[in-house]
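Chains as they are written, first to last, in UniProt numbering: chain A, 1 to 452; chain B, 1 to 452.
Positions of the beta carbon are idealized from the N, C-alpha and C atoms, including for glycine.
All values derive from a computational prediction rather than experimental measurement.
Heads up: the structure comes next, in structure tokens.
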């Protein structure tokens, strides 16, 4: 095969995923606070030869809906309970061999020295399987947990993120690949000519270096991003090697794909060095009608309030003040028109209410659902992959680990039969799986980091 | 047995321990960047029924000696290469069942929301085996890595640490034990009456809360400390449940024991609720002469420069400016007299040079060495335990994992034979192992946290 399809699994270290209803499914894991659940998911995806398992993260109970913690906690919405994913992933590094482990870290609330050290450690512990989903955090509740009354402005956040990555790259480059000598007899531990301070003094950060962690197997984690604003897409086009995307329609996904790839070209990058992963929720069955029933069963479990809480966070607008049964037409909320249009398209009905929108949103934050037999789901994947919308897909679970079992047992063999997906890992690092060359830490990345 | 002996193992996620020579030993592990080494140590100590494995941490290459990174890197001194221990410990939580996992986190460079979340996560992932070694970081190189030109003053650091712990306790208490309902049918995830914001606004920190992590098995990590100054000892007496201590002489250890226990009583605590762990390096052999040869072999590997680098950090004084062969008598360095006296006592010789001190320091930062057959080492442990110097001991390795194998295979059975040490774990949490009752998060701890 000339182009290789890539597959990733999406999780939050929590009871829910994009689907706010995941935890209510009768077959879903109930102990999402212990390590066993994550082990089972990671091993299942590794059995399916997935590129990586991805952990989103959220640093606060969402309070944008009515400025209240009671409602999100009662409904178990996204972020109402979330473990620190870096520890979960480090655990998985000890019990898996091949699958990549990508975690989210915000550039807004931590110092780059700490974050660079976490990822260099994870890359060592996993033998080169670390990925970093760089987020710039935009949620006021997070800011309040970390002692800031308000979050930074949008552009300031990206400027800070830009410098954050520059500092992290310098720290990862502070040890050369062959700096570690470890000669027990002579007592020479490292070659001092191959380790250096970084002496960074910028607008946001100061650090001397070197990192305490020697050069890691991949040099640095694979950089993952999910920018959707113009500034965010530029940031992604400049830095990202994998992009996680939410777009409910094939047209939207194709437009995003073309847009980001051409932005990357404008930054002097090879567009093949950025793999774009749209997300979907799969419902797979032995027959199409089984799959459709599974989908309907899941979607019915979604709690409208739970969805409206997340919608309030995503739009930075408090939806608690409206009548749930008011027709959507009567709501004039700046910035939501496109989103409401999408909801209308996803839904059968034309006369949606706010309750309907909440329910749709709780079913998976407007992620598309790929439904059918193994062949039908594989058809949708193949069409998108060959039709210019994706280099791979990231699967979000309607219930876990069940959704991943179904996909690995039904759909992966079909994709392999079609020659679209690997039947065995051919490399050992996440970069290998993604078909990325050696990581750049010096001129290329540095140039790309200069704001155009 | 009425009183139970406790045992812990000391590591840095690195090539050295207190012994700067550990990495040069022919049998020592050479891959201290992968997970296998830590797994082997943890499983060995778990086989020996140890209470916990302890990870120190250092956030910078030590540059106090000549303001230079070259010398520490070449000699492989302490902190020249160190992984993030929170990820290492999270990994071990996945591959061990009983042994406690204690890690170091500074209160100086992070926000308490992050640290509280890390420990609540580790406590969940390990099923209640988390411990937190609270350090207030006093090293300028660390400050420079985290963007601060100079570290905080001594008293300021302890004031910050005090508030840091208060905030962490509030966050750990933000979810009641039984707040998680998880009723899939009704869709009630948590009882909103059992989760609350903390709304902390203090001198150093602000946070709203609640924590994103539900109440963890131990309620919070076991608090570990190593205060040695008067303010540090008060801090330890107020907060700590296990204390890690370095003192080379039995008299010094007895004095420390009495001092800290009586300080604890002054803060209204039961002195049995603080377990004091002096540290030592064991050298065990089939015969005493084998053990003595092992000791001599190890001690000879110690590099004087490597030791002087750490001595420079510990005394905040640059020893690179002196002649290595100058007699110690000629050096007048404020604050080192007691330390030099200790070195003279540990050494056979009276006419020590700076090189000798460096070598002694590199052998284990003046930790006592317990040397001999299983019976002889057990005698020393028993004498200290029954003689008022210790509730348990923390072992530091002359080489790893070998030192731990020797101790577990030779000495542990002898301690068990004497009825001093458990033959099986009787509980599942670190608090259980330490014989501590349920953790307090509310009034008792809060009262104890008020500066007297």
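Does any C-beta atom of chain B lie closer than 8 Å to the C-beta of residue i?
i, result
"residue 158 of chain A", "no"
"residue 34 of chain A", "yes"
"residue 145 of chain A", "yes"
"residue 82 of chain A", "yes"
"residue 207 of chain A", "yes"
"residue 26 of chain A", "yes"
"residue 189 of chain A", "yes"
"residue 135 of chain A", "no"
"residue 172 of chain A", "no"
"residue 441 of chain A", "no"
"residue 23 of chain A", "yes"
"residue 76 of chain A", "yes"
Do we get a CB-CB distance below 8 Å when we pair residue i with the residues of chain A?
i, result
"residue 276 of chain B", "no"
"residue 109 of chain B", "yes"
"residue 452 of chain B", "The predicted model places residue 452 of chain B with a pLDDT of 37, which falls under 50 and marks its position as unreliable; any figure quoted below should be read in that light. Chain A, which has no Cβ nearer than 8 Å to the Cβ of residue 452 of chain B, makes this no."
"residue 122 of chain B", "yes"
"residue 138 of chain B", "no"
"residue 311 of chain B", "no"
"residue 279 of chain B", "no"
"residue 113 of chain B", "yes"
"residue 192 of chain B", "yes"
"residue 265 of chain B", "no"
"residue 127 of chain B", "yes"
"residue 463 of chain B", "No information on residue 463 of chain B is available, as it lies outside the stretch 1 to 452 that chain B covers here."
Among residues of its own chain, excluding the 5 on either side of residue i, which ones have a beta-carbon nearer than 6 Å to its beta-carbon?
i, result
"residue 16 of chain A", "22, 23 and 78"
"residue 412 of chain A", "48"
"residue 436 of chain B", "241"
"residue 452 of chain B", "Residue placement at residue 452 of chain B cannot be trusted, given a pLDDT of 37 that sits under 50; what the coordinates show is reported in the next sentence. Around residue 452 of chain B: no qualifying Cβ."
"residue 432 of chain A", "none"
Which residues in chain A sit within 7 Å of residue i, going by Cβ to Cβ distance?
i, result
"residue 61 of chain B", "210 and 212"
"residue 509 of chain B", "Not covered by the structure: residue 509 of chain B. The range shown for chain B is 1 to 452."
"residue 195 of chain B", "69 and 73"
"residue 117 of chain B", "84"
"residue 260 of chain B", "Those within 7 Å of residue 260 of chain B in chain A number zero; the least Cβ separation is about 31 Å."
"residue 303 of chain B", "187"
Give the secondary structure of residue i by DSSP, where H, G and I count as helix, E and B as strand, and everything else as coil.
i, result
"residue 204 of chain A", "coil"
"residue 236 of chain B", "helix"
"residue 99 of chain A", "coil"
"residue 145 of chain A", "helix"
"residue 227 of chain A", "coil"
"residue 6 of chain A", "strand"
"residue 349 of chain B", "coil"
"residue 160 of chain B", "helix"
"residue 192 of chain A", "helix"
"residue 183 of chain B", "strand"
"residue 222 of chain A", "strand"
"residue 11 of chain B", "strand"
Please compile the residues from chain A whose C-beta is within a distance smaller than 9 Å of the C-beta of residue i.
i, result
"residue 462 of chain B", "Nothing can be reported for residue 462 of chain B, as the shown portion of chain B is limited to 1 through 452."
"residue 79 of chain B", "212"
"residue 88 of chain B", "90, 121 and 125"
Which bits of chain B does residue i rub up against, with CB to CB less than 8 Å?
i, result
"residue 37 of chain A", "What residue 37 of chain A touches in chain B: nothing, since even the nearest Cβ is about 11 Å away."
Leaving out five residues before and five after residue i in sequence, what residues of the same chain have Cβ atoms less than 7 Å from its Cβ?
i, result
"residue 428 of chain A", "98, 127 and 128"
"residue 285 of chain A", "291, 294 and 373"
"residue 351 of chain A", "327"
"residue 263 of chain A", "233, 234 and 237"
"residue 88 of chain A", "13, 38 and 55"
So which residues of chain B does residue i contact, with C-beta pairs closer than 9 Å?
i, result
"residue 320 of chain A", "The contacting residues do not exist; residue 320 of chain A stays about 15 Å from chain B at best."
Please list the partners that residue i has in chain B, where partner means a Cβ-to-Cβ separation under 7 Å.
i, result
"residue 30 of chain A", "182"
Against residue i, what residues of chain A qualify as contacts under a CB-to-CB distance less than 8 Å, listed in chain order?
i, result
"residue 221 of chain B", "Those do not exist, as residue 221 of chain B stays about 13 Å from chain A at its closest Cβ, beyond 8 Å."
"residue 58 of chain B", "212"
Along the chain, which unbroken stretches of the beta strand (DSSP E) at least 3 residues long are found entirely within the region 16-77 of chain A? 52-56
So within the region 365-448 of chain B, which uninterrupted alpha helix (DSSP H) runs reach at least 4 residues, ignoring any that extend past its ends? List check, alpha helix (DSSP H) in window: 374-386, 402-406, 412-417, 430-434 and 443-448.
Which ranges does the beta strand (DSSP E) cover as unbroken runs of at least 3 residues, wholly within the region 238-317 of chain A, from first to last along the chain? 242-245 and 275-284
Give the list of continuous beta strand (DSSP E) stretches no shorter than 3 residues that lie fully inside the region 85-141 of chain A. 100-106 and 130-135
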